[in-house]
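Inspection log for the structure reproduced underneath, given as structure tokens.
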Amino acid sequence: MSGPIRHLSSPFIGAALVVARRSRPIAGVRVLQQHVVTRCSTGCHHPYSTSTPISSAQPSTATPAPAPPQMKKVTVPSLVSKKRHGRKISMITAYDYPSALHVTRASIDILLVGDSCAMVELGYDTTQPMTLDQMIHHCMAVKRGASDGPLLVGDMPLGTYEFDDTDVALRNAYRLVKEGGMDAVKLEGGSELRATTVRKVVEGGIAVMGHVGLTPQAISVIGGFRAQGRTAVRARQLLDEALRLQEAGAFAIVLECIPANVARAITETLEIPTIGIGAGGDTSGQVLVYHDMLGMTSHPHHKQFVPKFCKSYGKLGHAIIEALEEFRADVEGGTFPGSEYSPYKMSEEERVAFDALLARDAEERQRIHDETAAKIDESDEYEKLSLYGSNDGGDGAK
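Each residue of the sequence shown is one higher than the last, beginning at 1 in the working numbering.
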């Protein structure tokens, strides 16, 4: 850890550092001061008693396992404390209610609702088309799935904070917090103007996460999704940008696609946490996109967006495709739903009455059916011939 930093203007960071400095662990003593939680192979959590040496903590076999403890809400001070105690921070980027449920149940520290939603869920080639209203829509969904647990951070999309008039950024940040339900916002870039914006938003009462290195919103300037900080001069610039954001009051900084040694130097210099993505293992924490790390989508269009640094922790995309193909086969083969999945029945009395009602106008319904079928046959023949004289209906129908 480096010496004292030059200035900390953020009320979020100042309080967090005071708490962290007063709660450093005693060297050489491994004691559970609050609550140890382990996870068994089925995913359940088992809490053990407080202030118990790790080596002697054993689950009880006499009584049923207690209910899983509720995850304590992650806060800005608790994240700063984690860095100072040398504990890594986990962060996942997700965009909807089901994903938020899973992230919360996995006890992830930070859930970022990223503008990468434009690419991952909306199919755009870049993050630039994402609007503030779209971001708020997804933030609201995530909030409903993660109201307790992870710190919720919302990306401020391109065009919502870059102005000389920093009141614009503050107004938009308020919307992400008040309407979207976020705990904090994230801004890209570390210029002097960006630092001024960060300071304005923090002074307005909203916690800000910074982001340097590869900044996807600026790909028009940097020439695409390219690694950053690979020259000595540019690496030093990244360090200065990170320091500038810290001094402006940012509580954490994302370091994206930069050499590991550069990320390590930045992390060791800063008092606030760094969250790496393609930046080596010496940052304070790591972030991956939910869909990428689970292998959620596996079609070729998606593969071109999956970066080299993303480790796949699952291949859900393949399982999803297999399930969909099995469903289609069951439908086409007439095996689904079957009686097992057709649970709603009429009483015998009502069934007989219904059949009697159908019999009353059976001839009229048959006439309407035949007329409609004839019209459809005529239309189908027209489609088969088409304007080019083809006698194929396009699906092999004759």
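Where is the CB? At the ideal position from N, CA and C, for every residue including glycine.
Residues near residue i by beta carbon distance below 6 Å, same chain, minus five either side
i           : result
residue 82  : 89
residue 317 : 295, 296, 297 and 298
residue 227 : 257
residue 155 : 114, 115 and 186
residue 314 : 294 and 295
residue 333 : none
residue 130 : 115, 118 and 157
residue 22  : Note that residue 22 scores 42 on pLDDT, short of 50, meaning its location in the model is unreliable and no value can be drawn from it.
Presumed contact (8 Å Cβ cut-off) between residue i and residue j, rounded CB distance
i           : j           : result
residue 277 : residue 284 : About 12 Å separates the two Cβ atoms, so there is no contact after all.
residue 107 : residue 71  : 5 Å
residue 253 : residue 210 : 4 Å
residue 151 : residue 109 : 7 Å
residue 101 : residue 159 : 31 Å between Cβ atoms; not a contact.
residue 245 : residue 198 : 6 Å
Residues near residue i in its chain [Cβ-Cβ closer than 8 Å; skip 5 each side]
i           : result
residue 239 : 262, 265, 266 and 269
residue 218 : 188 and 189
residue 354 : 346
residue 140 : 179, 180 and 181
residue 375 : none
residue 126 : 118, 119, 216 and 219
C-alpha distance - residue i paired with residue j, whole-angstrom precision
i           : j           : result
residue 280 : residue 259 : 7 Å
residue 207 : residue 173 : 10 Å
residue 124 : residue 118 : 5 Å
residue 373 : residue 111 : 54 Å
residue 143 : residue 379 : 49 Å
residue 215 : residue 196 : 18 Å
residue 84  : residue 236 : 24 Å
residue 183 : residue 149 : 11 Å
residue 103 : residue 92  : 7 Å
residue 356 : residue 343 : 23 Å
residue 377 : residue 365 : 18 Å
residue 105 : residue 363 : 59 Å
residue 339 : residue 330 : 14 Å
residue 167 : residue 94  : 28 Å
residue 247 : residue 271 : 10 Å
residue 341 : residue 323 : 17 Å
residue 326 : residue 336 : 10 Å
residue 192 : residue 231 : 21 Å
residue 255 : residue 153 : 16 Å
residue 328 : residue 121 : 24 Å
residue 137 : residue 320 : 26 Å
residue 282 : residue 96  : 30 Å
residue 413 : residue 361 : As shown, the chain starts at 1 and ends at 398. That puts residue 413 outside it, with no answer to give.
residue 163 : residue 169 : 8 Å
residue 86  : residue 289 : 24 Å
residue 243 : residue 165 : 23 Å
residue 75  : residue 273 : 13 Å
Sheet register partners of residue i (DSSP bridge)
i           : result
residue 184 : 153 and 207
residue 93  : 112 and 289
residue 253 : 210 and 274
Where residue i falls, given that 16 or more other Cβ within 10 Å makes a residue buried
i           : result
residue 250 : buried
residue 291 : buried
residue 311 : exposed
residue 241 : buried
residue 99  : buried
residue 286 : buried
residue 200 : buried
residue 222 : exposed
residue 194 : buried
residue 213 : buried
residue 161 : buried
residue 300 : Note that residue 300 has pLDDT 44, beneath the 50 cutoff, so the model's placement of it is unreliable and no number is given.
residue 359 : exposed
residue 80  : buried
residue 352 : exposed
Proximal residues to residue i (C-beta, below 7 Å), its chain only, five neighbours per side dropped
i           : result
residue 234 : 228
residue 73  : 148 and 149
residue 128 : 158 and 217
residue 369 : none
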